[in-house]
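Protein chains in written order, with my numbering: chain A, 347 to 541; chain B, 347 to 541. Ideal placement from N, C-alpha and C gives every residue a C-beta, glycine not left out.
2 protein chains.
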Amino acid sequence: MPKISEEAKAERRERILAGARRCFADHGYEGATVARLEAATGLSRGAIFNWFGSKEDLFLELATRDNNRINAIWLEQGLEAAVRAILEEDREWLGVYLGVAHRLRTDAEFRRRWDERQPKEQQQAMIARMKDEQSSGTLRADLEPKEIGNFLGVVFDGLAVQLAAGYDPPVDVVLGLLRDALAPVTGRTRSRTPS
Amino acid sequence: MPKISEEAKAERRERILAGARRCFADHGYEGATVARLEAATGLSRGAIFNWFGSKEDLFLELATRDNNRINAIWLEQGLEAAVRAILEEDREWLGVYLGVAHRLRTDAEFRRRWDERQPKEQQQAMIARMKDEQSSGTLRADLEPKEIGNFLGVVFDGLAVQLAAGYDPPVDVVLGLLRDALAPVTGRTRSRTPS
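Dropping the structure here:
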């Protein structure tokens, strides 16, 4: 094999991912056959699977990247920017993502591979950011950062459903209500009854 | 054809729907072939499609019923009961529902049929209930009931994703934060910047 520069390698990797994303979006996960992946990337199956071992690898790489990108925006620019970034996701792609979600429940190996791709450092940075906000009084401190993160995960997934289904989620209302839900607890009763 | 009582008719209809739900849950929407629908219901294709014109009709009937059931629980027992009812939905079925969501965007006829099945009376009853709560001071009054309903729709869809994906959404946290988000606005800044 001829030598290939690091830059050319990275370029090829991105080309494969971009084509695969388009292919999944157009045909769904099941419909994204090897032949269609070849057509979408302009590369042979040998070239594609030299970089990504399987169709599942391609999907996991794309899904993980999206998650990490949204999380990075949250860390760097805050919640509103993260919500607005979700709204700009490709609706076809979100539909594929949702159509595959059930595999996280039904396919233990898929779930394991998904979990191991969630970057620990990013998760820790998000927890640390929320703790800072709790200390400085801009985020309610009566809930664990992890609990708040889980709640936001529910809302983010809900936005993905509405986008995939062609609705325009009421982003200003969602952001306003999130702000109120997460505001420091002063002069109101705690939201949780002690367990 | 022999005469069949109304009761027997209703019983057969329910039998078909229960079998179809199981069939969709087990094999996905695409995988629910006519042969599998026959096996799941114990009835011939003739009998099935005599009651429901197509597989799409079966799906729409099941999806609409679920939505209406959750809404009815909300109307009769309140938000917490509705959220808890979502948590008891069949996770396999939720996965199918999410996998089909993109058709609402991509298939105009499917969307039209979906929309026409949303019962106007129930929607109006939900708006009226929220208006009552706003008047009596138990629900924030600075947002339209429709806006609040749209926000709750996002959260409900998000819960469906997490359930389908095998996670256990933090229901007490979600309920607590929803309560705070929707509490009457007293002594806090309005959540929406004037547009």
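- Its chain contains L406 as the residues whose beta carbon lies nearer than 7 Å to that of R459/A, once the 5 sequence neighbours on both sides are disregarded; these appear in chain order.
- In terms of Cβ geometry, G388/A and H448/B do not form a close pair [threshold 8 Å].
- The closest CA to that of P491/B, considering only G392/B, I473/B, L383/B, is found on I473/B.
- Runs of alpha helix (DSSP H) with 4 or more residues, each lying fully within the stretch 483-538 of chain B, are found at 491-510, 517-528, listed in chain order.
- Straight through space, the alpha carbons of K355/A and W397/A are spaced by roughly 9 Å.
- Using a Cβ-Cβ cut-off of 8 Å, E402/A does not count as an interface residue toward chain B, since no Cβ of chain B sits closer than that to its own.
- In the DSSP annotation of this structure, the continuous segment of the alpha helix (DSSP H) that includes I473/B starts and ends at 466-481.
- Contact annotation: A381/A and A366/A have beta-carbon atoms that are not nearer than 8 Å.
- Neighbourhood of R437/A in chain B, by CB distance below 8 Å: H448, R451, in chain order.
- Counting only the Cα atoms, D526/B lies some 11 Å from R486/A.
- Counted as a single uninterrupted DSSP element, the alpha helix (DSSP H) harbouring G445/A occupies residues 437-446.
- In the DSSP annotation of this structure, the continuous segment of the alpha helix (DSSP H) that includes A418/B starts and ends at 401-423.
- Taking 8 Å as the threshold, the shortest C-beta distance from Q508/A to chain B falls below it.
- In the structure shown, T452/A falls within a helical segment according to DSSP collapsed to helix, strand and coil.
- Using a 10 angstroms sphere on the CB of E438/A, the tally of other CB atoms reaches 16 or more, which defines it as buried.
- Taking a cut-off of 8 Å on C-beta distances, the stretch 507-519 of chain B touches the stretch 497-517 of chain A, as three or more cross pairs fall below it.
- Secondary structure note for E434/A: it is in no alpha helix (DSSP H), with a DSSP letter that is neither H nor E.
- When rounded, the separation of the alpha-carbon atoms in R359/B and E352/B is 11 Å.
- Close partners of E455/A in chain B (Cβ separation under 9 Å) are lacking, with about 13 Å as the shortest Cβ gap.
- Relative to I494/B, the option among V519/A, G512/A, C369/A whose CA is nearest is V519/A.
- The beta carbons of Q480/B and N417/B sit no closer together than 8 Å.
- With respect to chain B, the C-beta atom of F405/A has no partner C-beta closer than 8 Å.
- If the five residues before and after I362/B are omitted, its C-beta is found closer than 6 Å to the C-beta atoms of T387, I394, W397, all from its own chain and listed in chain order.
- A straight-line Cα-Cα distance of about 20 Å links R451/A and R430/B.
- Cβ contact annotation for L521/A (same chain, cutoff 8 Å, sequence separation greater than five): L425, E426, V429, in chain order.
- Between R475/B and L524/B, the C-beta gap is not smaller than 8 Å, which leaves the two residues out of contact.
- Residues of the stretch 477-492 of chain A with a C-beta less than 7 Å from any C-beta of chain B: L489, listed in chain order.
- Note on geometry: alpha-carbon atoms of G483/B and P530/B lie some 6 Å from one another.
- Shown in chain order are the members of the stretch 495-507 of chain B whose Cβ falls below 9 Å from a Cβ of chain A: N496, F497, G499, V500, V501, F502, D503, G504, L505, A506, V507.
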